[in-house]
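>
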Amino acid sequence: MPTRFTVVCDDDLASEVESLAREYDLTEEEVLTQLIDLGLDEATRTRNRL
Numbered sequence: 043m044p045t046r047f048t049v050v051c052d053d054d055l056a057s058e059v060e061s062l063a064r065e066y067d068l069t070e071e072e073v074l075t076q077l078i079d080l081g082l083d084e085a086t087r088t089r090n091r092l
């Protein structure tokens, strides 16, 4: 069963997420999931380089 998280962001960041969702015909949740996945991938790559 998936774990649910709540994300709180300022208006500027929310606008960017909404804009990406519209541009790519995704939900805001899908945009946030992809951004988190990309961030975690980058963190792993950075950690492995150290």
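The sequence shown lines up with residues 43 to 92 when you count with this note's numbering.
The C-beta atom is built at its ideal place from N, Cα and C for all residues, glycine as well.
Remember, it's a predicted structure, so these values are computed and weren't measured experimentally.
#1: Between Tyr66, Glu70, Phe47, which has its C-alpha nearest Leu55's C-alpha?
#2: Output the distance between the C-alpha atoms of Glu84 and Arg91, rounded to the nearest integer angstrom.
#3: Cα separation between Thr88 and Arg64?
#4: Apply the 10 Å Cβ neighbour rule to Val50 and answer buried if 16 or more other Cβ atoms are within range, or exposed otherwise.
#5: For Thr88, does the three-state DSSP call read helix, strand or coil?
The answer reads as follows:
#1: Checked all of Tyr66, Glu70, Phe47; the closest Cα to Leu55 is Glu70.
#2: In a straight line, the C-alpha of Glu84 is about 11 Å away from that of Arg91.
#3: Our two residues, Thr88 and Arg64, have alpha carbons roughly 31 Å apart in a direct line.
#4: Per the 10 Å Cβ criterion, exposed.
#5: Three-state DSSP puts Thr88 in a helix.
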